[in-house]
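Comments concern the structure below.
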Amino acid sequence: MSEGRYKYNKRSLKFEAVRFRWRYVLAGGLFLLFTFLAFYFILFYLDRAYLETEREKKLALENQDFNTHNQVLSVELMRIKEEISALNNQEKSLYEKLHQSNREDSVGINDVLRSDDQLNDFDKVIDEITSRAKFLTAKASNNNTSFSNSWPGKEFNEYQQYPTLAPVKDFKVNMLACGFGRKINPYNKLTTDHQGIDIISQIGTEIYSTGEGIVSSISLNSEPGGLGNVVVIKHNLGFRTKYALLDKILVVEGQEVSKGMPIGTVGITGSSIAPHLHYEVYLLGKALNPAHLLVEGLSQHDIVRLTEISNQNNQALD
Amino acid sequence: MFGVYYTYNQDSCTYQPDFYSKRRAAGVIFLLVLIAMISATGTWLLLRGLYPTADEARLESENSNQRRIFSGILEELNRQENALKYLESADDQHYRVVLNLEPIDQEIRRLGVGGNTTTTNFSGAAIPEINEAYKHFRHLKSRLGLEQQSYQEIILKAAETETMLQSRPAMQPIEERMLTQFHPAFGMRVHPVFGDYRFHHGLDLTAESGTPVYATGDGIIGTADFRGGYGKAVFIDHGFGFESRYAHLSKYIVSKGDHIKRGQLIGYVGNTGISTAPHLHYEVLFHEKWVNPIHFMYRNIGQQALIN
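For the record, the sequence lines run as chains A and B.
The first sequence maps to residues 69 to 386 in our numbering.
The second sequence maps to residues 1255 to 1562 in our numbering.
Printed below as a string of structure tokens:
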């Protein structure tokens, strides 16, 4: 277009040189833009409607999979949840039936705050916490008194002679099935004094002497009533420990035993309704709560828990 | 832009129409369209390479949504598994020990044999996690099935144990306040009638004639009859190997085959049979061998609650 171009103006009847005009450029630019956008959107919608990338294919497939299987699995999960909660309820009622007690007398603040309607009523929560705090204080002081009865103020080297070992192998706190004091008799469901503690364990579990001493008496009894096979050990400072309902006895009368020495195995002799050790401790003829003396190898938390379980009003295994 | 253009021909000194200009204009338009097309395609390709497509974005968000649901399911599944683990350990370490049942083989427990797995028998999903989840579900379900069976067994055994506890003699056959004398003399002793040294199979509870006598455990009356030296006697079969005998009664109010409960009135103290004074002779037998009834009396318990 280097050579001049002319246009015939019909009004002035003259040939006029065509000059460069910006609006042509603008028009061209706009045209270019609109065409560009039109093409772009055509491509965009074509892509959206017909073209599938590999990734899209994969995602679509995955989503479909997830969608179907999530539904199947949710239904399945719901069913499992129901079955497990049913089983849980069965377990709870079984426990209550077997031990005539609730498993926990829980005192956690989380229990107080659990339900939402209580959260709305702040005063109620405060009341609840206060009453629980009172309950805990009473319980703690109760535990303290009974504890100090078993542990009168003595010299440290005397404490070392206390029968403080757990009397069965691999003792765990939850093996304490029934504590000391007024407990329910399993047969006639009446409350009676339970002179010792019941530690559940499998038949044949080793029983240890809880302290150093001399075997003062052994009585064998295969009758289905009473304390069955019993070992009594006499310790220093007037302590006497009694291990009842044993299966086998591994010591003889008059034998000196050391702390932790196996003296017999857990059995189900006598009037016991489950394999367990019935363990009693006497200090100068007076029965003590053996749970207070089982401190060796246990954490502070365990010792407190032991006392708590011991104070529950549940059923003895006799 | 349109219309006829002219060029000035200097040789002929005339304006000549330029017949190519229309074509040129068309060429320009074509060129513009071409540029637009190429650049649109280029931009599209570029953007597509740099950013996910609209479909991808949509699918992606749906995907992450579904994945969230999926992982929620897995989380809940783990929670349920923990609940089941608790039930299993309670079963193994508590109930089976307490009830003296055979322990479940840990290998069987791990494999979880015995559950119903029909609905989750699937492993054809394209995503390995889903197949894993199905596997996990199957495993949990079979373990759950095993545990359910186990608890059924435990509950049955517990019920049986409860019946045993109810049946076993576990009280004094006469109210404590009605007793005038209690001889805890079981075993060898001098016989008050024959005067020789012989085995005493039971305990003597002395009380006035006519004092009520109660069954000490649930059971079935085996005998309610006059039995020689026993005089008028009631024998109760408690099952589980236990039998209790009440002798020298003045009167019994039950008959053979009656089902009775602990604390139920069965007769009255008397002086029938070989007896020197009104008293109840009480025996307990285990597998047809006499045992000391003192272990089955629980004398220190307030027993009024048991008597009905």
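Every residue, glycine too, gets a C-beta built ideally from N, C-alpha and C.
> Tell me which same chain residues have a C-beta within less than 7 Å of the C-beta of L1534/B, skipping the five on either side of it?
Replying inline: Within the second sequence, numbered from 1, the residue matching residue 1534/B stands at position 280. Counting only Cβ-Cβ distances below 7 Å, and skipping sequence neighbours, we find P1427, I1428, L1459, A1461, V1467, Y1500, H1502 and V1523.
> Any residues in the segment 129-151 of chain A with a beta carbon nearer than 7 Å to a beta carbon of chain B? Which ones, in chain order?
Replying inline: L129, E130, N131, D133, F134, N135, H137, N138, L141, S142, E144, L145, I148, K149 and E151
> At a Cβ cut of 7 Å, what residues of the segment 327-342 of chain A count as close to chain B, listed as they run along the chain?
Replying inline: I336, S339, I341 and A342
> Taking the C-alpha atoms as reference points, what is the distance between Y92/A and A1294/B?
Replying inline: Taking the first residue of the first sequence as position 1, residue 92/A is located at position 24. Taking the first residue of the second sequence as position 1, residue 1294/B is located at position 40. Computed Cα separation, rounded: 22 Å.
> Since P292/A meets chain B, which of its residues come closer than 7 Å, beta carbon to beta carbon?
Replying inline: The count along the first sequence starts at 1 and reaches residue 292/A at position 224. Residues of chain B passing the Cβ test: F1540 and V1545.
> Roughly how many angstroms lie between the CA atoms of E1430/B and R1553/B, to the nearest whole one?
Replying inline: On the second sequence, residue 1430/B is found 176 positions in, with the first residue counted as 1. On the second sequence, residue 1553/B is found 299 positions in, with the first residue counted as 1. Near 8 Å, if we compare the C-alpha coordinates of R1553/B and E1430/B.
>> To be precise: take each residue of the segment 1315-1332 of chain B, compare its Cβ to all Cβ atoms of chain A, and keep it if any distance is under 8 Å. Which residues remain?
In response: Cβ contacts with chain A come from E1316, N1317, Q1320, R1321, I1323, F1324, I1327, E1330 and L1331.
> When the Cα of R1392/B is compared with those of E1416/B, T1477/B and R1364/B, which residue comes out closest?
Replying inline: To locate residue 1392/B, count along the second sequence from 1; it is residue 138. The shortest Cα separation from R1392/B among E1416/B, T1477/B and R1364/B belongs to R1364/B.
> Can you list the beta strand (DSSP E) stretches of 3 or more residues lying completely in the segment 91-167 of chain A, in chain order?
Replying inline: none
> For I267/A, which three-state DSSP category applies?
Replying inline: Against the first sequence, residue 267/A aligns to sequence position 199. Looking at I267/A - three-state DSSP - the assignment turns out to be strand.
>> Bridge partners for C1267/B per DSSP, in chain order?
In response: Counting from one through the second sequence, the residue named residue 1267/B turns up at place 13. Residue pairing by DSSP places C1267/B in no beta bridge whatsoever.
> What are the boundary residues of the beta strand (DSSP E) that includes F307/A?
Replying inline: In the first sequence, residue 307/A corresponds to position 239, counting from 1. Here the beta strand (DSSP E) through F307/A covers F307 to I317.
>> Please tell me whether T213/A has its Cβ less than 8 Å away from any Cβ of chain B.
In response: The count along the first sequence starts at 1 and reaches residue 213/A at position 145. Judged by the 8 Å Cβ criterion, T213/A is not in contact with chain B.
> How about E124/A: is its C-beta nearer than 8 Å to some C-beta of chain B?
Replying inline: The residue you call residue 124/A lines up with position 56 of the first sequence. Chain B contact via Cβ: present.
> Between the segment 362-376 of chain A and chain B, which residues of the former have a C-beta closer than 9 Å to a C-beta of the latter?
Replying inline: none
> Which two residues bound the contiguous beta strand (DSSP E) that contains L295/A?
Replying inline: The residue labelled residue 295/A in the question sits at position 227 within the first sequence. Unbroken run through L295/A: none, as it is neither H nor E.
> So is L1331/B buried or exposed if we call it buried at 16+ other beta carbons inside 10 Å?
Replying inline: In the second sequence, the residue the question calls residue 1331/B occupies position 77. By the 10 Å Cβ count, L1331/B comes out buried.
> Is there at least one Cβ from chain B nearer than 8 Å to E159/A's Cβ?
Replying inline: Here residue 159/A corresponds to residue number 91 of the first sequence, with the count starting at 1. Yes, E159/A lies at the interface with chain B (some Cβ there is under 8 Å from its Cβ).
>> I need the DSSP call for E1462/B, collapsed to helix, strand or coil.
In response: In the second sequence, counting from the first residue as 1, residue 1462/B sits at position 208. DSSP places E1462/B in coil when its eight states are reduced to three.
> Is A1290/B helix, strand or coil when you go by DSSP?
Replying inline: By 1-based counting over the second sequence, the position of residue 1290/B is 36. Helix.
> Is W219/A helix, strand or coil by DSSP?
Replying inline: For the purposes of this step, residue 219/A is identified with residue 151 of the first sequence, where counting begins at 1. Coil, per DSSP.
> Is I265/A near S378/A, with beta carbons less than 8 Å apart?
Replying inline: Against the first sequence, residue 265/A aligns to sequence position 197. Against the first sequence, residue 378/A aligns to sequence position 310. The answer is yes: Cβ separation under 8 Å.
> What is the residue span of the alpha helix (DSSP H) that M1418/B lies within?
Replying inline: Indexing the second sequence from 1 puts residue 1418/B at position 164. From DSSP, the alpha helix (DSSP H) with M1418/B extends over P1382 to S1421.
> What residues in the segment 238-256 of chain A have a beta carbon less than 8 Å from any beta carbon of chain B?
Replying inline: The segment 238-256 of chain A vs chain B, Cβ under 8 Å: N242, A245, N253, P254, Y255 and N256.
> What residue does the beta strand (DSSP E) around K251/A start on, and which one ends it?
Replying inline: Locating residue 251/A in the first sequence gives position 183, where the first residue counts as 1. That run of the beta strand (DSSP E) goes G249 to I252.
> When the cut-off is 8 Å and only beta carbons count, does D179/A lie next to chain B?
Replying inline: Sequence index remark: in the first sequence, residue 179/A carries index 111 (1-based). Any reading at D179/A needs caution, since the residue's pLDDT is 45, under 50, leaving its predicted position unreliable; the model's value is listed next. No - not a single Cβ of chain B is within 8 Å of the one on D179/A.
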